[in-house]
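Peer 1: Encoded as C-alpha cells, here's the structure I'll be asking about.
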Amino acid sequence: MAEVPKTQEHLFGGSPEKQTPNPAYCTLRLLRGEIGKNMNQKIITIDGPSGSGKGTIAALVAAHLGWRVLDSGALYRLTGLQARNQNADFHNADVLGEVAENLQVEFEHGKIHLEKQDVTDSIRSEKAGNDASRVAAVTQVRAALLGWQQHFATSQGLVADGRDMGTVVFPRAALKIFLTASAEERARRRYKQLKEKGMPVILTSLVEEIRERDERDMNREEAPLRAADDALTIDSSTLTIDEVVEQILAQAHKYCDLTP
Ligand code: DC
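The opening position of the sequence shown corresponds to residue 158 in the working numbering, with each subsequent residue numbered one higher.
Here it is, written out as C-alpha cells:
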C-alpha cells in the first residue's frame with residue numbers, strides 16, 4: 158500500500174497559488190450545474206470524529222484513484238489560528254465569520270502558509286484543534302467556508318474529509334463514509350502522532366479532550382457531526398489502515414465514476 162502522500166495536491170488538492178474563500182464564485186458554479194450529477198459521481202466523502210484516521214485514509218484513497226483531497230478540518234484550524242493571531246473575540250460570531258472570509262492561505266509543496274507564515278505544524282496542535290472546534294460551531298464561519306470547500310470538486314475527482322462533507326457540503330456525493338473508532342483508540346493514535354512530532358502530550362488528558370470535542374461537534378446546532386443517512390459506517394478500532402482503504406476502494410468501484 159502506498160505511503161501517505163505529502164504533496165500539497167494531496168493535502169488540499171489545490172493549486173499552489175493564494176487561495177481564499179469565495180462563496181459567490183462557488184454559488185455560481187452550483188447554479189451553473191458545474192457541481193452537478195456527473196461531478197457527484199467523482200466525490201467520496203469521509204466524515205467522522207477526531208482521530209478516526211480520516212486524513213490518512215482520505216489521502217491514501219485519493220492517491221489510489223488519482224483524485225484530489227480536501228482536508229476541511231484544516232480550514233477550521235486556520236480560522237481558529239487566525240482568530241488567535243488577531244486577538245479576535247471568540248464570542249463574537251460576526252468577527253469570526255470575517256476572519257474566515259478573509260483568510261489568506263497558500264498551499265505549496267505540502268506546506269500551509271497563513272499570511273506568509275508557515276503554519277503547517279502549528280495548526281495541528283491540540284490547542285489549535287480546540288480553537289478550530291470552537292470556531293466551527295459558528296454559523297458565520299461555516300457559511301464563509303462552505304463555497305470554498307465546494308470549489309475543490311472538479312472533474313478530476315475529490316475525496317473530502319471532515320465532519321459534514323456528506324451531510325452539508327457534498328450531500329449528493331456518490332459514496333459517503335462515516336469513519337469512527339473508540340475514544341481511547343483515537344486518543345492513543347493522536348498521542349503517538351504528537352509524540353512523533355516532539356510535541357508535549359499526556360494520554361489521559363487527550364482522552365478527555367477528545368471526548369469534549371466529540372461532545373461539542375455532535376451537539377452543536379450548526380452542521381453537527383453525524384453520519385449521513387446514506388453513509389456507510391466503518392469502525393476502524395480494530396482495522397488496519399490498509400483494510401479500511403481496501404473497503405472504501407471496493408465501494409468506490411461500485412458507486413463512483415472512476416474513469417480518468
Ligand atoms: O478534522 P480536524 O480535527 O482537523 O478538525 C478540527 C475541528 O474542525 C474539529 O473539532 C471539528 C471541526 N470541523 C468541522 O466542524 N467540520 C469539518 N468539515 C471539519 C472540521
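Beta carbons: idealized from backbone N, C-alpha and C, even for Gly. Computed from a predicted structure; not experimentally measured.
Whole alpha helix (DSSP H) runs in the region 223–251 with 4 or more residues, listed along the chain?
Peer 2: As far as the region 223–251 is concerned, its whole alpha helix (DSSP H) runs of at least 4 residues are 229–242.
Peer 1: As a quick exercise: from D288, D392 and V358, pick the residue whose alpha carbon is nearest that of H248.
Peer 2: Indexing the sequence shown from 1 puts residue 248 at position 91. For H248, the nearest C-alpha among the options comes from D288.
Peer 1: Hey, would you say the C-beta of S207 is under 7 Å away from at least one heavy atom of ligand 1?
Peer 2: Residue numbering aside, residue 207 sits at position 50 when the sequence shown is read from its first letter. Yes; taking the cut-off as 7 Å, the Cβ of S207 has a heavy atom of ligand 1 nearer than that.
Peer 1: Judging by CA-CA distance, which residue of A300, D251 and A294 is the nearest neighbour of M375?
Peer 2: Against the sequence shown, residue 375 aligns to sequence position 218. The shortest Cα separation from M375 among A300, D251 and A294 belongs to A294.
Peer 1: Does the distance between the C-beta of G286 and the nearest non-hydrogen atom of ligand 1 fall short of 7 Å?
Peer 2: Within the sequence shown, numbered from 1, the residue matching residue 286 stands at position 129. Yes, ligand 1 has a heavy atom inside 7 Å of this Cβ.
Peer 1: Going by DSSP, what residue range makes up the beta strand (DSSP E) through H410?
Peer 2: Start at 1 with the first residue of the sequence shown, and residue 410 comes out as number 253. Element bounds for H410: not the beta strand (DSSP E) but the alpha helix (DSSP H), I398 to Y412.
Peer 1: Quick one: is H266 buried, meaning 16 or more other Cβ sit within 10 Å of its Cβ, or exposed?
Peer 2: To locate residue 266, count along the sequence shown from 1; it is residue 109. By the 10 Å Cβ count, H266 comes out exposed.
Peer 1: Any idea if T337 is buried or exposed, counting beta-carbon neighbours within 10 angstroms, 16 or more meaning buried?
Peer 2: Locating residue 337 in the sequence shown gives position 180, where the first residue counts as 1. That one is buried.
Peer 1: Report buried or exposed for S207, applying the criterion of at least 16 other Cβ atoms within 10 angstroms of its Cβ.
Peer 2: Translated into the one-based positions of the sequence shown, residue 207 becomes position 50. With 16 or more other Cβ atoms within 10 Å, it is buried.
Peer 1: Using the three-state DSSP reduction, which class does G323 fall into: helix, strand or coil?
Peer 2: Within the sequence shown, numbered from 1, the residue matching residue 323 stands at position 166. Helix, per DSSP.
Peer 1: Closer than 8 Å is the cut-off here; do at least three beta carbon pairs connect the region 409–416 with the region 358–371?
Peer 2: Cβ pair count under 8 Å is below three, so no.
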